[in-house]
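Let me begin by presenting the structure, written as structure tokens, before commenting on it.
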Amino acid sequence: MKVLILFGSPSDKETMKKAKDLLDEFGVVNESYAISAHRAPDLLEKVLRQKEAEGFEVVIAGAGLAAHLPGVVASKTILPVIGVPLKGALEGLDALLSIVQMPKQIPVATVGIGNAANAAMLAVEILSIKYPDLREKLLTYREVMKKNIEENNAVEVIY
Numbered sequence: 158m159k160v161l162i163l164f165g166s167p168s169d170k171e172t173m174k175k176a177k178d179l180l181d182e183f184g185v186v187n188e189s190y191a192i193s194a195h196r197a198p199d200l201l202e203k204v205l206r207q208k209e210a211e212g213f214e215v216v217i218a219g220a221g222l223a224a225h226l227p228g229v230v231a232s233k234t235i236l237p238v239i240g241v242p243l244k245g246a247l248e249g250l251d252a253l254l255s256i257v258q259m260p261k262q263i264p265v266a267t268v269g270i271g272n273a274a275n276a277a278m279l280a281v282e283i284l285s286i287k288y289p290d291l292r293e294k295l296l297t298y299r300e301v302m303k304k305n306i307e308e309n310n311a312v313e314v315i316y
């Protein structure tokens, strides 16, 4: 179980760390790299090939502004790619539209603006199809989440 986390700039690290933290919680091996699709395309392709050879199975790619990174990654691999639109101009709406509007046959799953944790959760769900122990962790996680919500709502709220 290995997930590659990519983002276009070191300034995106704090947002994308939320993906790493959730993957760590589930025991999913992950590595993160800040590589610009525009400024270092050869390095991006080299890292992607290396990580594919090492058995990485899902890629999470965060990008802002024109948000080319997730699409470029998707064009270079058949691994599932999950795009995280990051805030830049237009509060991230430009990045969201760029990622979600990929051309036919090169899809990128897309989560909400800045929602790297949801990207990691989707990666866990994808991997849980193959790994029964991860599936059990995910089911337990969901049960705990449900129980916490039920407990929080068991108290009468007076306005």
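Residue numbers (the numbering used here): 158 to 316.
Heads up, the beta-carbon is just placed ideally off N, CA and C, and yes, glycines get one too.
Only a predicted model underlies this, so the values are computations on that prediction, with no experimental measurement involved.
Legend entry - Residue burial classification, Val301 (beta-carbon count within 10 angstroms, cutoff 16): Working through the sequence shown from its first residue, we reach residue 301 at position 144. So Val301 ends up on the exposed side.
Inset, instruction - With DSSP collapsed to three states, give me the class of Ile283. - result: By one-based count along the sequence shown, residue 283 stands at place 126. Looking at Ile283 - three-state DSSP - the assignment turns out to be helix.
Inset, instruction - Look up Ile270 in the DSSP assignment and say whether it is helix, strand or coil. - result: Indexing the sequence shown from 1 puts residue 270 at position 113. Here Ile270 sits in coil by DSSP.
Legend entry - Arg196 versus Ile270: straight-line alpha-carbon distance, rounded: For the purposes of this step, residue 196 is identified with residue 39 of the sequence shown, where counting begins at 1. For the purposes of this step, residue 270 is identified with residue 113 of the sequence shown, where counting begins at 1. Taking the straight line joining both Cα atoms gives about 23 Å.
Inset, instruction - Would you list the residues sitting across from Pro242 in a DSSP beta bridge? - result: Along the sequence shown, read from residue 1 onward, the residue named residue 242 stands at position 85. Note: Pro242 sits in a beta bridge opposite Ala220.
Inset, instruction - Please confirm if the stretch 226 to 236 is in contact with the stretch 167 to 177, defined as three or more CB-CB distances below 8 Å between the two stretches. - result: no
Legend entry - Exposure label - Gly219; buried when at least 16 CB within 10 Å: Residue numbering aside, residue 219 sits at position 62 when the sequence shown is read from its first letter. Buried, since its Cβ has 16 or more Cβ neighbours within 10 Å.
Legend entry - In DSSP terms, what Ala191 is bridged to: Taking the sequence shown and counting its residues from 1, the one referred to as residue 191 is at position 34. According to DSSP, which records beta bridges pairwise, Ala191 is partnered with Phe164.
Inset, instruction - Indicate the three-state DSSP secondary structure (helix, strand or coil) for Val186 in the structure shown. - result: What you label residue 186 is simply residue 29 of the sequence shown in a count that begins at 1. In this structure, Val186 counts as strand in the three-state DSSP scheme.
Inset, instruction - Measure the CB-CB distance between Gly212 and Lys287 and report whether it falls below 7 Å. - result: Here residue 212 corresponds to residue number 55 of the sequence shown, with the count starting at 1. Here residue 287 corresponds to residue number 130 of the sequence shown, with the count starting at 1. No.
Legend entry - Span separating the alpha-carbon of Leu236 from that of Leu179: Your numbering for residue 236 matches position 79 in the sequence shown. Your numbering for residue 179 matches position 22 in the sequence shown. In a straight line, the C-alpha of Leu236 is about 20 Å away from that of Leu179.
Inset, instruction - Return the CA-CA distance between Asp181 and Val265, expressed in angstroms with no decimal places. - result: What you label residue 181 is simply residue 24 of the sequence shown in a count that begins at 1. What you label residue 265 is simply residue 108 of the sequence shown in a count that begins at 1. Whole-angstrom Cα-Cα distance: 23 Å.
Inset, instruction - Go to Gln207, then tell me how far its alpha helix (DSSP H) extends in each direction, as first and last residue. - result: Locating residue 207 in the sequence shown gives position 50, counting from the first residue. Its alpha helix (DSSP H) spans residues Pro198 to Ala210.
Legend entry - Segment limits, alpha helix (DSSP H) that includes Ile263: Start at 1 with the first residue of the sequence shown, and residue 263 comes out as number 106. Note, Ile263: premise wrong, no alpha helix (DSSP H); not H, not E.
Legend entry - Member of Lys177, Asn309, Ala280 and Asn272 whose CA lies at the smallest distance from the CA of Leu295: Taking the first residue of the sequence shown as 1, we reach residue 295 at position 138. Checking every option, the nearest Cα to that of Leu295 belongs to Ala280.
Inset, instruction - Put Leu296 into one of helix, strand or coil per three-state DSSP. - result: Stepping through the sequence shown from its first residue, residue 296 is reached at position 139. Here Leu296 sits in helix by DSSP.
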